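If you read the protein sequences in the order shown, they are chains A and B.
No gaps in the numbering here: position 248 of the first sequence is 248 in the working numbering, and each next residue is one more.
No gaps in the numbering here: position 84 of the second sequence is 1084 in the working numbering, and each next residue is one more.
Here the structure is laid out as C-alpha cells; the discussion comes afterwards.
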Amino acid sequence: MGKVIVVTSGKGGVGKTTSTAALGAALAQNGERVVVVDFDVGLRNLDLVMGAERRVVYDLVNVIQGEAKLTQALIRDKRLESLFLLPASQTRDKDNLTTEGVDRVITELKRVFDWVICDSPAGIERGATLAMRHADMAVVVTNPEVSSVRDSDRIIGLLDSKTLKAERGERMEKHLLLTRYDSVRAERGDMLKVDDVLEILSIPLIGIIPESSDVLRASNMGAPVTLADARCAPAMAYFEAARRLRGEQLPITIPGDKRGIFGKIFGRKAA
Amino acid sequence: MTKVLTDARSIRIKGRSFLALVLSPDLPLDDWLVRLDDLASRSAGFFLDRPVVLDVTDLAIDKVQLKDLFEQLAERNVRIMGIEGARPSMLVPGMPPAMKGGKPAADIEVKEREPVAAEAEGVLSEDADHAESQQIRPVTQSLVINEPVRSGQSVIFPEGDVTIVGSVASGAEVIAGGSIHVYGALRGRAMAGSIGNSASRIFCRKLEAELVAIDGIYKMIEDMSPALRGQPVQLWLDGDSIMAATII
Chain A
1 MGKVIVVTSG KGGVGKTTST AALGAALAQN GERVVVVDFD VGLRNLDLVM GAERRVVYDL
61 VNVIQGEAKL TQALIRDKRL ESLFLLPASQ TRDKDNLTTE GVDRVITELK RVFDWVICDS
121 PAGIERGATL AMRHADMAVV VTNPEVSSVR DSDRIIGLLD SKTLKAERGE RMEKHLLLTR
181 YDSVRAERGD MLKVDDVLEI LSIPLIGIIP ESSDVLRASN MGAPVTLADA RCAPAMAYFE
241 AARRLRGEQL PITIPGDKRG IFGKIFGRKA A
Chain B
1001 MTKVLTDARS IRIKGRSFLA LVLSPDLPLD DWLVRLDDLA SRSAGFFLDR PVVLDVTDLA
1061 IDKVQLKDLF EQLAERNVRI MGIEGARPSM LVPGMPPAMK GGKPAADIEV KEREPVAAEA
1121 EGVLSEDADH AESQQIRPVT QSLVINEPVR SGQSVIFPEG DVTIVGSVAS GAEVIAGGSI
1181 HVYGALRGRA MAGSIGNSAS RIFCRKLEAE LVAIDGIYKM IEDMSPALRG QPVQLWLDGD
1241 SIMAATII
C-alpha cells in the first residue's frame, strides 16, 4: 500500500503546488511510482507546473462522478515514467468533491502507487479538508512570515482533528517545509528566523527551500524545479526533503549559510 | 516586580450558562405540532416561563416554513430564545439569535403521570436549588493538555484548572473555570475564573498574550508593561485590577 501525503498550508501562494511537483518528481527519480493529485478544483495549477496542461482530458471530478475511469484521467509525465498527474477540474467547483468519491479514488491510487501526493487548495474549507482527510503524513508548507505561520498553525490543528487518522485516534505525522527562505532578510529581521518558526509550530522540519529565481523559472517552463535544474539550491533542498520523507535522517542545512552550501556542493561532488 | 495594570474600572463581561429546553421538530411539521399540543394539554403550562431553544439541525425546511413554525409556536405561547443549527440564510431580522455549542444535560421529566412522547429531548433541571448548589460547589477538577493549543482551537473547561504542556498559539483561546497554567508561550487568549472565581490565576512561561482575563476583568497586551513581554509571568486579580509579576 502506498503512502498518502497531503501538502497543505492554509495560506495561499506559499508554494504548495511548487512543492508538490518538486517533491513528487524527486521521489519518482528513484523509480518509485508517484502520483500528484490536484485538489484545487476550480483553480487548478499543478498541471501547469508539471507541464501537462495541454494533455488534460479527464480530471478528478470526472472520476469522482463516474464519467471517466481513473486510468483515463491519469497523465504520465513525459520526463519521468514513474510520475503521474491526476489533474483537477477547472470548470467545476469544490462542491463536486464528495467524501465517498474521494475515498474511492484515494483507495484505488494507494493500491497502484508508492506515493500519493495531494496538493491541497488554500483555505480551510471543503477542498482543503478533503485533501487532508486520507493522509498518512502531512507536509505543512510555510513562509517565514507571521500570517503564513499562524495559518499553518491553524492547519496543524485541523490535521489533528479533521482527518481519518485523527478520527481513529492515531497521530498524524506532520513535517514542516519552510519555503522562500532568505537568510539575509531573516538576519536583518525582515523575516522570521527558522528557530522562531519552529518554536511556534513545534513540528519537525523536513527542509528549508531558499528563495530563488530558479523556482519561478522552472514553474514558468512547466517543470518541477527538481527536474528543471537538479543542481540548483532549491532543487537540492527538495531532494533532501524527499529523502527525509522516506525516513532518512539528514542534518538540515540553512540556505545562505555559506559554509553549509559549499559543504553540501563539495560533499555531493566528492561522493 | 508587581505592577498595577489598571486604575480605571473596566467593564465586567462574564460567561454564564443556563439550562434551556431544546425542541427538535421533525417533519411533517403539522404532525409534530399536533403531538406538541398533545403534550401541552397533558401538562398545562409546560412551556410557560421557560427558555426554549429550537433545534432545526438536519430539518429540511426553508425560510418561509421556519417563519410559519415560529408563528405556530407563538400561538401556543412557546417563546423561542434561540435557534440552533439553522443556516444563516434562514434567519431573517426579528428572529431570535442563532446559538451553537450547546452541551447536553440530563433529560427533562414532565411532571405528569402518563409517559410522554420524547418531544422534549434535553435539558432542564426541575430542581432549581440543585442546579444552584452545583454552581457553588468549589472547582477542584483539572484538565491537562499535552500538546500545543493551535490557532483557531478553543479549550473550554468551566469545571476547573487547565494546564497546557506546550504553547497557546496566536488566535487560540483557553477558558477555564479555575486557573490556567501554560508551560510554553502564551500567545493567544487566556480567560481564567470564567464562572466567577476571582482567586484564579494565569501562569505562563512566556507572556505574549493577545488578551488575558480573570473573573471577567479583561486586559489587552498593549495595556501591560513592555517589561513583562516575553517573560515568565503570573497574573492575578486584586479587587478589580489585574496584577502581573514575573516569576523565576
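A virtual CB, placed ideally from N, CA and C, is assigned to each residue, including glycine.
Given the structure is predicted, the values throughout are model-derived calculations rather than measurements.
In the DSSP assignment, S1241 of chain B falls outside any alpha helix (DSSP H) and lies within the beta strand (DSSP E) extending over S1241 to T1246. Between K1067 of chain B and V1034 of chain B, the C-beta gap is not smaller than 8 angstroms, which leaves the two residues out of contact. Residue nearest to R104 of chain A within the set A:V149, A:L70, A:I252 and A:G169 is A:L70 (criterion: CA-CA distance). Closest option to G1184 of chain B, judged by alpha-carbon separation, among B:S1194, B:G1177 and B:G1166: B:G1166. Nearest neighbour of L1228 of chain B by Cα position, chosen from B:W1236, B:D1215 and B:E1208, turns out to be B:E1208. Contact annotation: in the stretch 142–162 of chain A, residues whose CB is within less than 7 angstroms of a CB in chain B are R150, D153, R154, I156 and G157. The straight-line gap separating the alpha-carbon atoms of V37 of chain A and A21 of chain A is approximately 10 angstroms. Chain-ordered, the chain A residues with CB closer than 7 angstroms to the CB of P1148 of chain B read S202.
With contacts defined as CB atoms closer than 8 angstroms, V140 of chain A and L176 of chain A qualify as a contacting pair.
M1 of chain A has its alpha-carbon roughly 8 angstroms from the corresponding atom of V112 of chain A. Considering only beta carbons, the part of the stretch 1152–1177 of chain B lying closer than 9 angstroms to chain A consists of G1152, Q1153, G1166, S1167, A1169, S1170, G1171 and A1172, in chain order. Taken through DSSP and simplified to helix, strand or coil, D1055 of chain B comes out as strand.
Straight across, the Cα-Cα distance linking F1157 of chain B with W1032 of chain B is about 36 angstroms. Counting along the chain, the unbroken beta strand (DSSP E) around S1154 of chain B starts and ends at S1154 to F1157. Taken through DSSP and simplified to helix, strand or coil, V1034 of chain B comes out as helix. Distance from the CA of G169 of chain A to the CA of T142 of chain A, rounded to the nearest whole angstrom, comes to 26 angstroms. Unbroken beta strand (DSSP E) stretches of 3 residues or longer found wholly inside the stretch 99–171 of chain A: 115–119 and 137–142, given in chain order. CA-to-CA, the gap between A52 of chain A and T98 of chain A works out to about 25 angstroms. In chain order, V7, T8, S9, D119, S120 and V141 place their CB closer than 7 angstroms to the CB of K16 of chain A, counting only its own chain and leaving out the 5 sequence neighbours on each side.
For Y238 of chain A, there is no enclosing beta strand (DSSP E); the enclosing alpha helix (DSSP H) covers residues A233 to L245.
Look at L1019 of chain B here: in three-state DSSP terms it is coil, with no helix or strand label. Y181 of chain A has A:P210 as its beta-bridge partners, per DSSP. One thing to note: E32 of chain A has its Cβ within 8 angstroms of the Cβ of W115 of chain A.
Residue burial is scored here from C-beta neighbours: P1088 of chain B has fewer than 16 other C-beta atoms within 10 angstroms and is therefore classed as exposed. The beta carbon of D151 of chain A lies closer than 7 angstroms to those of S9, G10 and K11 in the same chain, with the five residues before and after it left out. In this model, N1077 of chain B and Q1141 of chain B are separated by some 41 angstroms (Cα to Cα).
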